[in-house]
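Here the structure is laid out as C-alpha cells; the discussion comes afterwards.
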Amino acid sequence: MSTKLRRGTPSIAYVCESCISSLRTSQRTPTSPSQHLRRLTTASAQPESRSSPSSSALDNSSSSSSAPPTALPSPSSFTSPSINTYLTTSAPSASQLLLADRFFAAGNPRFLFSSPTYRDFPATPAPEVAFLGRSNVGKSSLLNGLLGRTKQRVAHVSKKPGRTRTMNAFLVGPGEGGVRDVVVGLDEKGRKKVRKEPWVGAGGGNVVVVDMPGYGKGSRKEWGEEIFKYLSKRDQLRRAFLLVDAEHGLKDSDTYILNGFRANGIPHEIVLSKADKILLPRPRMPSPEAWQRHLAHMRHASEKVYDGIVRLHGGRGMRLNAILACSGEKRDANGKLLGMDALRWAVLQAAGLGAAQLEQLLPRRRA
Ligand SMILES: Nc1nc2c(ncn2[C@@H]2O[C@H](COP(=O)(O)OP(=O)(O)OP(=O)(O)O)[C@@H](O)[C@H]2O)c(=O)[nH]1
Ligand SMILES: [Mg+2]
Numbered sequence: 001m002s003t004k005l006r007r008g009t010p011s012i013a014y015v016c017e018s019c020i021s022s023l024r025t026s027q028r029t030p031t032s033p034s035q036h037l038r039r040l041t042t043a044s045a046q047p048e049s050r051s052s053p054s055s056s057a058l059d060n061s062s063s064s065s066s067a068p069p070t071a072l073p074s075p076s077s078f079t080s081p082s083i084n085t086y087l088t089t090s091a092p093s094a095s096q097l098l099l100a101d102r103f104f105a106a107g108n109p110r111f112l113f114s115s116p117t118y119r120d121f122p123a124t125p126a127p128e129v130a131f132l133g134r135s136n137v138g139k140s141s142l143l144n145g146l147l148g149r150t151k152q153r154v155a156h157v158s159k160k161p162g163r164t165r166t167m168n169a170f171l172v173g174p175g176e177g178g179v180r181d182v183v184v185g186l187d188e189k190g191r192k193k194v195r196k197e198p199w200v201g202a203g204g205g206n207v208v209v210v211d212m213p214g215y216g217k218g219s220r221k222e223w224g225e226e227i228f229k230y231l232s233k234r235d236q237l238r239r240a241f242l243l244v245d246a247e248h249g250l251k252d253s254d255t256y257i258l259n260g261f262r263a264n265g266i267p268h269e270i271v272l273s274k275a276d277k278i279l280l281p282r283p284r285m286p287s288p289e290a291w292q293r294h295l296a297h298m299r300h301a302s303e304k305v306y307d308g309i310v311r312l313h314g315g316r317g318m319r320l321n322a323i324l325a326c327s328g329e330k331r332d333a334n335g336k337l338l339g340m341d342a343l344r345w346a347v348l349q350a351a352g353l354g355a356a357q358l359e360q361l362l363p364r365r366r367a
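In UniProt numbering, the protein residues as written are 1 to 367.
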C-alpha cells in the first residue's frame, strides 16, 4: 500500500484532530504534518491518463491502453489533478475538467473595473474569486492563462516586481455583463455625458476574477492595507487563491496573508505557481525517468507548503481546500497550460457552479 500524499483523489478533511494532537504532544514519535497526512492517506498519485479529457497535441499515446503495465508514466500521460493535493474536496473528474475548460472558453473574458482602493469597488452581483501573492509570483500571467488570453493578454505581466498597482476585475463566463455607458447628464452644448460603468447581468452564469497587486518587493504599504480591507469586507468574495512560488515556497509575507484568511474565515487554496520550473525545467519534454523525478520534486514542494501551513496555529481555523500546482506560461505534453484545467474547476466550485449548472449554462456541443 502506498503511503504517498494523496493526489487527485477524494481525501480527508483538512488537518484531522489526531494530526493536531501529534503537533501538541511529544509522546509519540514526532512526525511532520505531511508525514502524518501520508500515513492517513492510502491512494498514490494515479495520473488519469486513460480518462484524460484532452486529446494529446504533442503525443497521442496518452489515450492508448496498450502500454505495458510496468511502463513509467510519461509527460504525455499527465493530468492536472495528479500534481494537486485535495484536502476538503474531491479531485475533479475528466468530464468536470472538460466542462471547466468550456466555461472559460464561453464568452470573451471582459474587463470589469480597476480600483486602487477598496472604497471604490462597485457592487457587482456575481461570485468573485481573488488571486493574491507576493509581487512577481506570477498572478497576472496565471490570470491570463485562466482566462485563455496568453496571446492577447488582459492583465499586464512584467519581469519587474510591482507591475500590478490596482485591483483589477474581469468577468468570465457565458452570462451577460461588462462595461457599459451610462448617461449621467448633458454638457453645455446639450450632448449626452456618459460614464463607463461595470455591470453584471441578472441571469448569472458569470464569475468575477480579481487580480491583486503583489506584496513584498516593489509593492507599497497602502496596497497591503487595501488588500486586507477587501478580504475582510467583500461579500462577493467566495474564495481566495494564494500564489506561492513552487520553487521558493512560503515566505513570511505569505504567512501574514494566511493569518488574514484565518481571521476573516476566508476559504482559500494555495496555487504553487511557475510549476513548470520544477516539472518542465528544460525546453524539451523530459524522459519518463526524469518526469518521475520532477513529479517527486513537485510533491515535495507541496508537502513543504502544507507543513508550513499546518504549523501556523496547528492548522486550526484555516479553511484551506487544496494545494494546486500551475503554470501561466508553459504547456504540458498535451498542449495545455500545466494544471490550468484543475484551477478552472476550483474557481467554478468556489463560485458554486457544479457540473449540472454548467451543463445548463454552456451551449450544447454538436455531436
Ligand atoms: N517560468 C515561469 N515564469 C512565469 C510564470 N508566470 C509568470 N512568469 C514570469 O514571472 C514574471 C512576473 O509575472 P507576473 O504575472 O507579472 O507576476 P505578478 O505576480 O502579477 O507580479 P506583480 O503584478 O508585480 O505583483 C514575468 O517575467 C513572467 O514572465 C510561469 O508560470 N512560469
Ligand atoms: Mg501582476
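Ideal Cβ positions, reconstructed from N, Cα and C, are used throughout, including at glycine.
Exposure label - residue i; buried when at least 16 CB within 10 Å
i	result
Tyr86	buried
His300	exposed
Asp260	The question names Asp, yet the displayed sequence has Gly at residue 260. Under this definition Gly260 is a buried residue.
Ser158	exposed
His156	exposed
Ser52	Low per-residue confidence applies at Ser52: pLDDT is 31, beneath 50, and the placement is therefore not dependable enough to give any value.
residue 422	Nothing in the structure corresponds to residue 422, since the chain is present only between 1 and 367.
Glu303	buried
Asp120	exposed
Arg234	buried
Glu226	buried
residue 368	Outside the displayed range of the chain (1 to 367) lies residue 368, so it cannot be described from this structure.
Ser287	exposed
His139	It should be pointed out that residue 139 corresponds to Lys in this sequence rather than to His. Per the 10 Å Cβ criterion, buried.
Asp332	buried
Gly145	buried
Pro92	buried
Gly204	buried
8 angstroms CB neighbourhood of residue i in its chain, flanking five on each side removed
i	result
Gly352	Pro127 and Arg238
Lys217	Arg134, Ser135, Asn136, Pro161 and Gly162
Glu289	Leu72
Asn264	Leu231 and Ser232
Ala363	Note on residue identity: the sequence assigns Pro, not Ala, to residue 363. Ala106 and Pro174.
Asp276	Ser327, Glu329, Lys330 and Leu338
Ile266	Leu231, Leu237, Arg239, Ala240, Gly260 and Arg319
Three-way DSSP call (helix, strand, coil) for residue i in this model
i	result
Pro198	strand
Asp276	helix
Ile257	helix
Arg180	strand
Glu269	strand
Ala106	coil
Glu222	helix
Leu143	helix
Phe121	coil
Asn264	helix
Asp245	strand
Ser26	The predicted position of Ser26 is uncertain, since its pLDDT is 38 and thus under 50; no value can be drawn from it.
Glu188	coil
Leu98	helix
Ser80	helix
Lys193	strand
Asp252	helix
Ser114	strand
Leu361	helix
Leu87	coil
Leu237	strand
Residues near residue i in its chain [Cβ-Cβ closer than 6 angstroms; skip 5 each side]
i	result
Asn168	Ser114 and Asp211
residue 376	With the chain covering only 1 through 367, there is no way to say anything about residue 376.
Val183	Lys192 and Val194
Gly201	Gly175, Glu176 and Gly177
Pro125	Val200
Residues near residue i by beta carbon distance below 7 angstroms, same chain, minus five either side
i	result
Asp101	Asp341 and Arg344
Thr255	Leu312
Arg149	Pro109
Ile278	Ala246, Glu247, His294, His297, Met298 and Ala301
Ala346	Glu269, Ala322 and Leu324
Ile257	Leu132 and Leu242
Pro122	Phe113 and Pro198
residue 370	Since the first residue of the chain shown is 1 and the last is 367, residue 370 is not available in this structure.
Lys196	Val179 and Asp181
Ser219	Ser135, Gly162 and Pro213
Gln292	Leu72
Arg153	Asn144
Beta carbon proximity, residue i to chain B, threshold 7 angstroms
i	result
Arg262	The structure shown contains no chain B; it holds only a single protein chain.
Heavy atom of ligand 4 within 6 angstroms of residue i beta-carbon
i	result
Lys139	Only ligand 1 and ligand 2 can be found as ligands here, which leaves ligand 4 out of the picture.
**Asked** Can you list, in chain order, the stretches of the beta strand (DSSP E) that have 3 or more residues and sit fully within the segment 288 to 356?
**Response** 320 to 325
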